[in-house]
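In this note's numbering, the protein residues as written are -18 to 396.
Notes follow once the structure below has been shown.
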Amino acid sequence: MAALQPVRGTHDLLPEQFIRHRAVEETARKITERYGYREVSTPIFEFTKVFSRTLGDTSDVVTKEMYTFCDRNDESMTLRPEGTAGIVRSFISNGLAQNVPVKHFYRGAMFRYERPQKGRQRQFHQVGIEIIGVDTPQADIEVIAAGWDFLSEIGFKDKVKLELNTLGDAESRKAYKDKLVAYLKGHYEQLSKESKERLEKNPLRILDSKEECDKPIIENAPSMANSMNEDSVEFFKEVTDGLTAIGIPFTLNPKLVRGLDYYCHTAFEFTTTELGAQGTVLAGGRYNGLVKQMGGSATTGVGWAAGVERLAMLLEETPEFPRPVTIIPIGEEANKEALKIAHNLRKAGFVIDMGYSGNLKKRMKKANKLNAKAAIILGGDELERSIAIVRNLDNGEQEEVSLNNLEQKIADFAE
RNA sequence: GCGGGUGUAGCUCAGUCGGUUAGAGCACUGGUUUGUGGUACCAGAUGUCGUCGGUUCGAUCCCGAUCAUUCGCCCCA
């Protein structure tokens, strides 16, 4: 029993599920392509240090959620828990600093050892984009706009809400962090157990706490905005002005922070209330220090990632599979002929299904279940006369068609 | 990693206050219709009642563990 179960937190994607995933991924690819993002694929595993170095050694992702193993050469490898680190590594490995700005789209499986629940698997899929090498707020605006267009295109315009914040540049961020920690230490005893831990690891996260006892403390905490230096304020203003100019609605959320250490300046999150606790559907931000931190020359980046499973769940309708035309041969001779006919029709671009077994009735049923548009019935009698019966399965009308005209006839069903 | 719920047919779920042949709907198979689907009617098949252990004369039902799933915390896409 146990051996035949999929590993905890992993799932098979059968056709009905997969077609939803594909709709999400393809929409993302198509829309971001309009913005000039080109698809790339980086390995599903990397040297462990690619992630440990970049995600921050205190983040939960690195400390307890990575699938890390030693290969036969005793090198530490890790299944990627997110996409940005791999994209940045490939940016450096391939010397793409020559080609900035680099605009890449990616999709694929990510792995995190977490406790599974709705919208949270151990193997899950993300689509994402990164633009590397543009320092100005235009890139932030473009990236957010691409995300917004993508979500609108799959029909979630009214289901998601864009929240926005700025973490400021390194200087502002450090200044704020110091101020916040000093403040929180003054209220240490009243903090929740979780927040006491966070105070060491990632104090900004406390702003996001849902613990009741933390809330009044957070209310009166020094605000991030007051610690922003002039450059950071100006940068963020350009981002918000730009979004307003192109009509993308957003709400400012000064408590919005990022889980991974490499983010600065713009942080944004598209959330929904329809998925329970896992409401974040697409999130990202700017990461100015990341490329350098990984060993490249100082280059800035912005990007986002979206959870494919979460978006697929939000999809109201399952997209339709292409409707086939089913060929139903009866008898040995017809079987042989059907093989050729099917082959030719497929080469001509039609979706052709073949009824392989059972009597005519069974095969008709099967054709109907596959939502076939038509059935081509080919028996001994028909074969002798070089015709086939073409039956329209939507209205039940059928007619005899010469084998020579079959392709033309099937073309009538194309629409 | 922590706390709660759930686990019975392929799916959705009922049920047994612990008692010997465990049910329904949908789906499936066959038939009414021997070369014509969708509708209708008739008939049929299907379960180690998640797994392991305990209590008991007897456990699918009670207890424990375990696995999975789900909700929340945590974290995050």
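A virtual CB, placed ideally from N, CA and C, is assigned to each residue, including glycine.
Looking only at its own chain, which residues have a Cβ that is under 6 Å from the Cβ of residue i, when we skip the five neighbours before and after it?
i: glycine -10; result: Pro97, Gln102, Arg103
i: leucine 145; result: Phe231, Leu233, Phe249
i: alanine 90; result: Gln104, His106
i: valine 42; result: Leu36, Pro62
i: serine 33; result: Val43
i: glycine 257; result: Lys99
i: arginine 344; result: Ile309, Gly336
i: glycine 17; result: Lys84
Beta-carbon within less than 7 Å of residue i's beta-carbon, same chain only, minus the 5 sequence neighbours each way: which residues are those?
i: phenylalanine 137; result: Leu295
i: methionine -18; result: Residue placement at methionine -18 is poorly supported in this model, since its pLDDT is 36, which falls under 50; the coordinates are not used for a value here.
i: valine 382; result: Ile368, Ala369, Val371, Lys390
i: glycine 284; result: Thr65, Gly109, Ile110, Glu111, Ile112, Val124, Gly265
i: glutamate 363; result: Ala369, Ile370
i: serine 153; result: Ser208, Met209, Asn210, Ser213
i: isoleucine 12; result: Ala127, Asp130, Phe131, Glu134
i: lysine 60; result: Sequence check: residue 60 is leucine here, not lysine. Taken in chain order, the residues that qualify are Ile25, Phe26, Tyr48, Phe92.
i: leucine 224; result: Ile122, Ile125, Phe231
With a 10 Å radius around its C-beta and 16 neighbouring C-beta atoms as the bar for buried, classify residue i as buried or exposed.
i: arginine 19; result: exposed
i: cysteine 51; result: exposed
i: asparagine 75; result: exposed
i: isoleucine 309; result: buried
i: glycine 167; result: exposed
i: aspartate 195; result: buried
i: tyrosine 268; result: buried
i: asparagine 201; result: exposed
i: asparagine 385; result: exposed
Could you give the distance in angstroms between the alpha-carbon of residue i and the alpha-carbon of residue j?
i: threonine 35; j: isoleucine 198; result: 31 Å
i: leucine 188; j: phenylalanine 302; result: 46 Å
i: leucine 180; j: tyrosine 157; result: 14 Å
i: aspartate 412; j: threonine 252; result: Residue 412 lies beyond the range of the chain shown here (-18 to 396); nothing can be said about it.
i: glutamine 274; j: cysteine 245; result: 14 Å
i: aspartate 121; j: valine 220; result: 7 Å
i: valine 272; j: aspartate -7; result: 35 Å
i: leucine -15; j: glutamine -2; result: 20 Å
i: arginine 239; j: serine 40; result: 10 Å
i: tyrosine 48; j: isoleucine 0; result: 28 Å
i: isoleucine 229; j: glutamate 178; result: 37 Å
i: leucine 185; j: phenylalanine 86; result: 29 Å
i: threonine 117; j: threonine 281; result: 9 Å
i: serine 338; j: asparagine 316; result: 11 Å
i: glutamine 319; j: arginine 53; result: The sequence shown places alanine at residue 319, not glutamine. Answer to the nearest angstrom: the Cα atoms are 51 Å apart.
i: arginine 70; j: glutamate 192; result: 37 Å
i: glutamate 297; j: alanine 206; result: 39 Å
i: tyrosine 243; j: phenylalanine 216; result: 18 Å
i: serine 22; j: serine 173; result: 42 Å
i: aspartate 393; j: leucine 237; result: 55 Å
i: glycine 377; j: leucine -5; result: 31 Å
i: leucine 143; j: glutamate 255; result: 15 Å
i: alanine 279; j: proline -13; result: 43 Å
i: glutamate 170; j: serine 190; result: 16 Å
i: glycine 149; j: glycine 277; result: 22 Å
i: alanine 395; j: valine 141; result: 36 Å
i: aspartate 222; j: proline 235; result: 17 Å
i: lysine 328; j: glutamate 365; result: 25 Å
If the criterion is Cβ atoms closer than 8 Å, does the pair residue i and residue j meet it?
i: phenylalanine 92; j: valine 83; result: no
i: glycine 128; j: leucine 263; result: yes
i: threonine 147; j: serine 213; result: yes
i: alanine 9; j: alanine 286; result: no
i: alanine 78; j: proline 300; result: no
i: isoleucine 322; j: glycine 360; result: no
i: alanine 356; j: isoleucine 227; result: no
i: alanine 259; j: lysine 30; result: Contrary to the premise, residue 259 reads as glutamine rather than alanine in this sequence. No, Cβ-Cβ distance for glutamine 259 and lysine 30 is not below 8 Å.
i: arginine 88; j: glutamate 6; result: yes
i: asparagine 325; j: glutamate 388; result: yes
i: valine 332; j: histidine 2; result: no
Thinking residue i and residue j are a contact (beta carbons under 8 Å), I'd like their distance in whole angstroms, please.
i: alanine 163; j: glycine 270; result: That belief does not hold up - the Cβ atoms of alanine 163 and glycine 270 are roughly 24 Å apart, past 8 Å.
i: asparagine 340; j: leucine 374; result: Actually they are not in contact, since the Cβ atoms of asparagine 340 and leucine 374 sit about 17 Å apart, beyond 8 Å.
i: arginine 304; j: lysine 354; result: 5 Å
i: isoleucine 68; j: leucine 292; result: Contact doesn't hold; Cβ gap of about 20 Å is too wide.
i: threonine 307; j: glycine 330; result: Going by Cβ atoms, the distance from threonine 307 to glycine 330 rounds to 17 Å, so no, they are not a contact pair.
i: glutamate 95; j: glutamate 46; result: 6 Å
Using C-beta distances below 8 Å, list every residue in its chain close to residue i, excluding the 5 sequence neighbours before and after it, in chain order.
i: proline 203; result: Tyr157, Lys160, Leu161, Tyr164
i: valine 81; result: Ile113, Gly114, Val115, Thr280
CB of residue i to nearest heavy atom of the ligand ADP: below 7 Å?
i: alanine 163; result: This structure lacks the ligand ADP, and indeed carries no ligand of any kind.
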